[in-house]
Amino acid sequence: MIEIKNLNKAFGEKRILKDINVEIRDGELFSVIGPSGIGKSTFIKCLIRLLRPESGQILVDGVDIGSTSNEFTLAKVRRSFGYLFQEGALFDSLTVLENVAFGLRYLTDVPKSDYPRIVKEKLALVGLKDVEHLKPSELSVGMKKRVSLARSVAAEPKYMLYDEPTTGLDPVTTGMVKDLITDMRAKLKITSVVVTHDLSLALELSSRVAMLYGGEFVEVSEPAKFRQSENKGVREFMEISNLSRTGPDKDCK
Amino acid sequence: MKHPITEHIGREFISLSESLGGAALMFKSVVFWFFRSKFELKETIKQCVTIGVDSFTVTALTSFFTGMVLALQMGQSMKNLFNEPMFIGTMVAFSLLKELGPVLTSIVVAGRAGAVVTAEIGTMKVTEQIDALYTLGTNPTRYLLVPRYIAFLIMLPLLTVFADFIGVAGGCIVGMVKLGVPSAVYFDDIFTYLDTSDFLHGFIKTYFFAFMIATVSCYKGLNTKGGAEGVGKATTEAVVVSMVLVMVLDYFISALLVAVGL
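From first to last, the protein sequence lines stand for chains L and A.
Reading the first sequence from the start, the letters are residues -13 to 239 in our numbering.
Reading the second sequence from the start, the letters are residues 7 to 268 in our numbering.
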């Protein structure tokens, strides 16, 4: 379980996250939505301490990584996370095989001889085959994202963080990524945190949805209840996203 | 009361202090991971090729022609003064081994390999590949910086030794062809008037230059901000700062080495 207590993050004078308190339960798919630039990526980067919060606790299975400077504690906690970056963040100089096997080398004790088999399995999981020898520059945006997802789950993390998983993708690939997120949770029992501005994606996939607005979580609830929220920020975002309060059947597509 | 000029100077001073502090912290981290982590052999060899092997041709050409022009100018001056091109070998080798070899090689490496390192790390920074390293259980200092520091510290002194030899050979060719100095006389001059300490004087300096170029290139890369424009800016800054620091450091280290008798 991830517990966040009084999390604050600022860049200079600008406060991005203000006293965030939330629990992310084991096995759930927790989505954070909000307009672009509101601090969603900042939130998810704080969870894995890619960004250091000004104050507050981030307890991952009871270990507080919010303020620790101990590299070994951080590395140990980060081992339980997988992270899908917005642009994929594949290593340009490495092949697809080397990219996907990267985590295996540093996060696990898997023998090197097993890398090709595991990489093949993980690539198959994201619907890719015979791309092991290619470099990231030879892949399309959607393929890069899928390879990145394969790399993230190769070491079988307990928690998976998705940063804008469908941004910049065509509708077909978007649907594929949605299925992948659901599959990862179902097949690998991974606890997932998704940050997105795609409200329909969040409502469709999540166990709970949190709305980040003005640096605070103004609503944290299950999708059905979220749709009924009276919060002004939520209402505005629902309207902008063309979603109805009653459910998917009434949504304007 | 604030004045634009003093404000500008103050801001630049604070920025310089921050950079020096940041570079020192980065170096502390490099030392920490150098002793605490598994040796990244593949990455280190790859960096040795990028920094050393790929810079060899430019270094060799620079040094060869520097040796040639030194022999030509000094030979001509000696002819004008004494009617004979005396001590060409001594003067060419002395200049190359003590100063021009290490300095020119460092400038070439700063411009070529330093730029590559900054651009590569900078691109990784702006495309979140550095963050990805953290999420995949690897510290970027361990994976990226330690191999580059090692590669600079191995390859720059090696390149300098090659540059010294090639430069001396260039001088010898001009001495023989243009000035009529036999190669035996040329090399006899060198071995008579130069000793190991002259070579060591230049060789030791290259370690300081290598350390400085590695620090500047890696630091600028890791602190790249913005997209492609930021990478270009960081790369240019890294090259300019490294080249200027090579010249500045050269004087102070030379003074120090002279003081200790080298």
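Cβ atoms here follow ideal geometry from the backbone N, Cα and C, with glycine treated the same way.
Because the structure is a prediction, the values reported are computed rather than measured.
Check                                                                                                                                                                                               : Outcome
Classify residue 129/L as buried or exposed, calling it buried when 16 or more other Cβ atoms lie within 10 Å of its own Cβ.                                                                        : buried
Which residues, in order along the region 132 to 147 of chain A, keep a beta-carbon less than 8 Å from a beta-carbon of chain L?                                                                    : 133, 134, 135, 137, 138, 140, 141, 142, 143, 144 and 145
Counting along the chain, where does the beta strand (DSSP E) carrying residue 7/L start and finish?                                                                                                : 0 to 10
If you draw a straight line from the alpha carbon of residue 17/A to that of residue 66/L, how long is it in whole angstroms?                                                                       : 42 Å
What's the call for residue 258/A, buried or exposed, on a 16-neighbour Cβ count within 10 Å?                                                                                                       : exposed
Can you tell me whether residue 207/A is buried or exposed, with buried defined as 16 or more other CB within 10 angstroms of its CB?                                                               : buried
Please determine whether the Cβ atom of residue 99/L lies at a distance below 7 Å from any heavy atom of the ligand ADP.                                                                            : The ligand content of the structure shown is nil, which means the ligand ADP is not present either.
By DSSP, does residue 77/L sit in helix, in strand, or in coil?                                                                                                                                     : coil
Please list, in chain order, all residues of the same chain as residue 106/L whose beta carbon is under 8 Å from its beta carbon, the five residues on each side excluded.                          : 115 and 118
Please determine, among 14/A, 185/A and 254/A, the residue with the shortest C-alpha to C-alpha distance to residue 89/A.                                                                           : 185/A
Between the region 32 to 55 of chain L and chain A, which residues of the former have CB atoms less than 7 Å from a CB of the latter, in chain order?                                               : 34 and 36
Under the three-state reduction of DSSP, which class applies to residue 238/L: helix, strand or coil?                                                                                               : Since pLDDT at residue 238/L reaches only 42, below the 50 mark, its modelled position is unreliable, and no value is offered.
So residue 73/A is in the alpha helix (DSSP H); what residue range does that whole segment cover?                                                                                                   : 60 to 88
For the structure I just gave you, are there three or more beta carbon pairs, one from the region 106 to 123 of chain A and one from the region 161 to 180 of chain A, closer than 8 Å?             : yes
Count the CB pairs spanning the region 31 to 49 of chain A and the region 144 to 153 of chain A that are closer than 8 Å, and state whether there are at least three.                               : yes
Contact defined as beta carbons within less than 8 Å: I believe residue 85/A pairs with residue 228/A. What is the distance between those atoms, to the nearest angstrom?                           : Between residue 228/A and residue 85/A the Cβ distance is about 53 Å, and since that is not below 8 Å, they are no contact.
Where do the ends of the beta strand (DSSP E) carrying residue 145/A lie?                                                                                                                           : Here residue 145/A belongs to no beta strand (DSSP E), and DSSP marks it neither H nor E.
Within 8 Å, do at least three Cβ pairs link the region 148 to 165 of chain L to the region -11 to 2 of chain L?                                                                                     : no
Identify every residue that forms a DSSP beta bridge with residue -6/L.                                                                                                                             : 41/L
Considering only the alpha carbon of each residue, which of 163/L, 35/L, 171/L and 204/L lies closest to residue 74/L?                                                                              : 163/L
Run through chain A and tell me which residues come within less than 8 Å of residue 92/L, C-beta to C-beta.                                                                                         : 142, 143 and 144
Among 141/A, 47/A and 133/A, which residue has its Cα nearest to the Cα of residue 62/L?                                                                                                            : 141/A
Looking only at C-alpha atoms, which of 199/L, 186/L and 203/L sits nearest to residue 213/L?                                                                                                       : 186/L
Tell me where the beta strand (DSSP E) around residue 149/L begins and ends.                                                                                                                        : 145 to 149
Hey, how far is the Cα of residue 251/L from the Cα of residue 90/L?                                                                                                                                : The question about residue 251/L has no answer, for chain L in this structure spans -13 to 239.
Specify whether the region 115 to 129 of chain A and the region 169 to 188 of chain A touch according to this definition: at least 3 beta carbon pairs, one from each stretch, less than 8 Å apart. : no
Using the three-state DSSP reduction, which class does residue 196/L fall into: helix, strand or coil?                                                                                              : strand
Can you check DSSP and say which residues form a bridge with residue 238/A?                                                                                                                         : Answer is none; residue 238/A lacks a bridge partner.
Could you tell me which of 47/L, 54/L and 26/L sits nearest to residue 38/L, measuring between CA atoms?                                                                                            : 54/L
Since residue 135/L is in the beta strand (DSSP E), which residue starts that stretch and which ends it?                                                                                            : Per DSSP, residue 135/L belongs to no beta strand (DSSP E); it is in the alpha helix (DSSP H), 127 to 140.
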